[in-house]
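Asker: When the letters of the sequence shown are read in order and numbered with the numbering used here, they come out as residues 2 to 316.
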Amino acid sequence: MRKRILAIALATTMALSTAVVAVPSYKNVAVAQAAEEETGAQSFDGWWTGHCLGDEITETEKTVNFKSITDNDPTLTGYHNTPVFVIYYGDENKVNGEGYDEVFVVRSDLYGWLAPSLGGNNTNEGMSEIEAAGFTFTKENAPEDLADWYAANKKGVDVSYTTSIKDGVVTVKVTNNGISSITTFKYDESKGKKLYLSVTGERCTIAKYPKALITTPCDDPFEKSNDNTNTTTKKKSMSVKKVTAKAGTKVVKGTVSVAKAKVKVTVGKAKAKTAKVSGKNFTLKVSSALKKNTKITVKVTKSGYKTVTKTVKVK
């Protein structure tokens, strides 16, 4: 009798274990609000070069709070260098993934635009077209001077988004350092897909964000300064000493002032690529011969040092 009871218990345990393992890995298994105690950080080095996994928008209202800091480079003045929120339908919770169907993109600075398939109109110039497509976009606590707000983003700010679907209407509220935008539109059940929100950006880092949704982890910049002391460790300076980029060649090389730094090189409009570093020297081999006057941007980062960027033209 005892052996029979043990056999039944073992069979039940195995069945439950099999059910758990059978969940597809790409599905939004870890809902954001259930994973807030496990957080991470992610950097976005260029436009549309990285996205967090999508957080599903459902009938249950959900608020996710996190932090963001913009790359403190004096040459960066664009408000797009702050968190950006992509709303889309999909068969999986990945931007540009299976069944990706973009709806609306919201920028932190009270600006947004429709997906190209819906007209692509933005809130600064095409509100009538946006409203005709069934969307609303309202603003709360707009600052008198966005430049001050952007300066705050370079020091680090609190960010959040709140999502829900109620009576067939989707509501997405985005807040960054006290200013908010609210986007609404009708949920399209006919698509037969889930609706997601993904965080991206350009030249900024988000932190204290649900770890389950992070795709490319990085160090948390807020933890480095949160040492429970009144002293602040100043970052050291470094510089790009030399950049060589000659027309007709396929190599960009140069020298920086410190050894073993991380060097990323952008050639023209191509995506930034990581250069090979040996001591203080770096080398990047490109697939096509360099053309005269093409812009080359070199970005150098290293823990404990200020990020430095240098731009030259192919000679």
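Cβ coordinates follow ideal geometry from the N, Cα and C atoms, glycine included.
Determine the DSSP secondary structure at GLY280, reduced to helix, strand or coil.
Answerer: Within the sequence shown, residue 280 is the residue found at index 279, counting from 1. Three-state DSSP puts GLY280 in coil, outside helix and strand.
Asker: DSSP beta-bridge partners for THR139?
Answerer: Within the sequence shown, the letter at position 138 stands for residue 139. ILE183, per the DSSP bridge assignment.
Asker: Determine the DSSP secondary structure at ALA134, reduced to helix, strand or coil.
Answerer: In the sequence shown, counting from the first residue as 1, residue 134 sits at position 133. Reduced to three states, the DSSP call for ALA134 is coil.
Asker: Near LYS307, what residues of its chain come up, given a Cβ to Cβ distance below 6 angstroms and the 5 sequence neighbours on each side ignored?
Answerer: Numbered from 1 along the sequence shown, position 306 holds the residue referred to as residue 307. Excluding residues within five positions, the ones whose Cβ falls inside 6 angstroms are LYS236 and SER238.
Asker: Per DSSP, which residues does LYS254 bridge with? Please list them.
Answerer: Position 253 of the sequence shown, counted from the first residue, corresponds to residue 254. Per DSSP, THR245 and THR284.
Asker: Do you know offhand how far TYR80's Cα is from TYR151's?
Answerer: Sequence index remark: in the sequence shown, residue 80 carries index 79 (1-based). Sequence index remark: in the sequence shown, residue 151 carries index 150 (1-based). Taking the straight line from one Cα to the other gives about 7 angstroms.
Asker: Taking the alpha carbon of ILE70 as the reference point, which residue from GLU190, ASN142 and PRO222 has its own alpha carbon closest?
Answerer: As a working note, residue 70 is residue 69 in the sequence shown. Comparing Cα-Cα distances from ILE70 to each of GLU190, ASN142 and PRO222, the minimum goes to PRO222.
Asker: In this structure, how does DSSP classify TYR151 when only helix, strand and coil are distinguished?
Answerer: As a position in the sequence shown, residue 151 is number 150, starting the count at 1. DSSP places TYR151 in helix when its eight states are reduced to three.
Asker: Would you mind stating whether VAL1 and THR295 have Cβ atoms separated by less than 8 angstroms?
Answerer: No answer is possible for residue 1: the residues shown for the chain start at 2 and end at 316.
Asker: How far does the beta strand (DSSP E) with ARG204 in it reach, from first residue to last?
Answerer: Residue 204 sits at position 203 when you count from the first residue of the sequence shown. First-last for ARG204: undefined, no H or E at that position.
Asker: Identify every residue that forms a DSSP beta bridge with LEU115.
Answerer: Taking the sequence shown and counting its residues from 1, one reaches residue 115 at position 114. Bridge partners of LEU115: PHE105.
Asker: Under 8 angstroms, with one C-beta from each stretch per pair, do the stretch 42-55 and the stretch 186-204 reach the 3-pair mark?
Answerer: Result yes; three or more Cβ-Cβ pairs closer than 8 angstroms.
Asker: So which of TRP114, TYR162, THR137 and VAL107 has the shortest CA-CA distance to PHE186?
Answerer: Within the sequence shown, the letter at position 185 stands for residue 186. Checking every option, the nearest Cα to that of PHE186 belongs to THR137.
Asker: Please report the Cβ distance between LYS167 and GLU57, rounded to the nearest whole angstrom; I am assuming they are in contact, meaning their Cβ atoms lie under 8 angstroms.
Answerer: Looking up residue 167 in the sequence shown gives position 166. Looking up residue 57 in the sequence shown gives position 56. Between GLU57 and LYS167 the Cβ distance is about 15 angstroms, and since that is not below 8 angstroms, they are no contact.
Asker: Buried or exposed: which applies to LYS140, given that a residue is buried once 16 or more other Cβ atoms fall within 10 Å of its Cβ?
Answerer: Mapped onto the sequence shown, residue 140 falls at position 139. Classification of LYS140: exposed, given that the 10 Å Cβ count is below 16.
Asker: Could you tell me if VAL244 is buried or exposed, where buried requires 16 or more neighbouring beta carbons within 10 angstroms of its beta carbon?
Answerer: One-based indexing of the sequence shown puts residue 244 at position 243. Buried: at least 16 other Cβ atoms inside 10 Å.
Asker: Among all the DSSP beta bridges, which residues are the ones paired with ILE58?
Answerer: Your numbering for residue 58 matches position 57 in the sequence shown. Beta-bridge pairing links ILE58 to no other residue.
Asker: Please report the straight-line C-alpha distance between LYS188 and VAL170, rounded to a whole angstrom.
Answerer: Residue numbering aside, residue 188 sits at position 187 when the sequence shown is read from its first letter. Residue numbering aside, residue 170 sits at position 169 when the sequence shown is read from its first letter. The residue you asked about is not Lys; residue 188 is Tyr in the sequence shown. Going from the Cα of TYR188 to the Cα of VAL170 covers about 6 angstroms.
Asker: Classify SER191 as helix, strand or coil using the three-state DSSP reduction.
Answerer: Your numbering for residue 191 matches position 190 in the sequence shown. The answer is helix: DSSP assigns SER191 an H, G or I state.
Asker: Alpha carbon to alpha carbon, what distance is there between PRO211 and GLY100?
Answerer: Within the sequence shown, numbered from 1, the residue matching residue 100 stands at position 99. Within the sequence shown, numbered from 1, the residue matching residue 211 stands at position 210. Computed Cα separation, rounded: 24 angstroms.
Asker: Got a sec: does the ligand ZN put a non-hydrogen atom nearer than 7 angstroms to the Cβ of THR295?
Answerer: The ligand ZN is absent from the structure shown, which contains no ligand whatsoever.
Asker: Could you give the first and the last residue of the continuous beta strand (DSSP E) run that contains ASP159?
Answerer: The residue given as residue 159 occupies position 158 in the sequence shown. Counting along the chain, the beta strand (DSSP E) containing ASP159 begins and ends at 158-167.
Asker: From GLU132 to LYS95, what does the alpha carbon distance come to, in whole angstroms?
Answerer: Taking the first residue of the sequence shown as position 1, residue 132 is located at position 131. Taking the first residue of the sequence shown as position 1, residue 95 is located at position 94. When rounded, the distance between both Cα atoms is 27 angstroms.
Asker: How should ALA42 be labelled, buried or exposed, when 16 other C-beta atoms within 10 angstroms of its C-beta is the threshold for buried?
Answerer: Indexing the sequence shown from 1 puts residue 42 at position 41. ALA42 should be labelled buried.
Asker: Output needed for THR76: all residues of its chain with C-beta closer than 7 angstroms, excluding positions within five of it in sequence on either side, in chain order.
Answerer: Looking up residue 76 in the sequence shown gives position 75. Excluding residues within five positions, the ones whose Cβ falls inside 7 angstroms are THR310.
Asker: For ALA246, tell me which candidate among THR267, VAL104 and SER258 has the shortest Cα-Cα distance.
Answerer: If you number the sequence shown from 1, residue 246 lands on position 245. Minimum Cα distance to ALA246 is reached at THR267.
Asker: Pick helix, strand or coil for LEU214, following the three-state DSSP scheme.
Answerer: Counted from its first residue, the sequence shown places residue 214 at position 213. Residue state, collapsed to three classes: helix.
Asker: Closer than 6 angstroms by C-beta to GLY48: which residues in its own chain qualify, once you throw out the five before and the five after it? Chain order, please.
Answerer: As a working note, residue 48 is residue 47 in the sequence shown. It should be pointed out that residue 48 corresponds to Trp in this sequence rather than to Gly. Same-chain partners within the cutoff: GLU203.
Asker: When the Cα of GLU103 is compared with those of LYS277, LEU119, GLY135 and VAL313, which residue comes out closest?
Answerer: The count along the sequence shown starts at 1 and reaches residue 103 at position 102. The shortest Cα separation from GLU103 among LYS277, LEU119, GLY135 and VAL313 belongs to LEU119.
Asker: Let me check understanding here. Comparing Cα to Cα, which of ALA248, LYS254, ASN282 and VAL253 lies closest to LYS261?
Answerer: Here residue 261 is taken as the residue at index 260 of the sequence shown, counted from 1. Minimum Cα distance to LYS261 is reached at ASN282.
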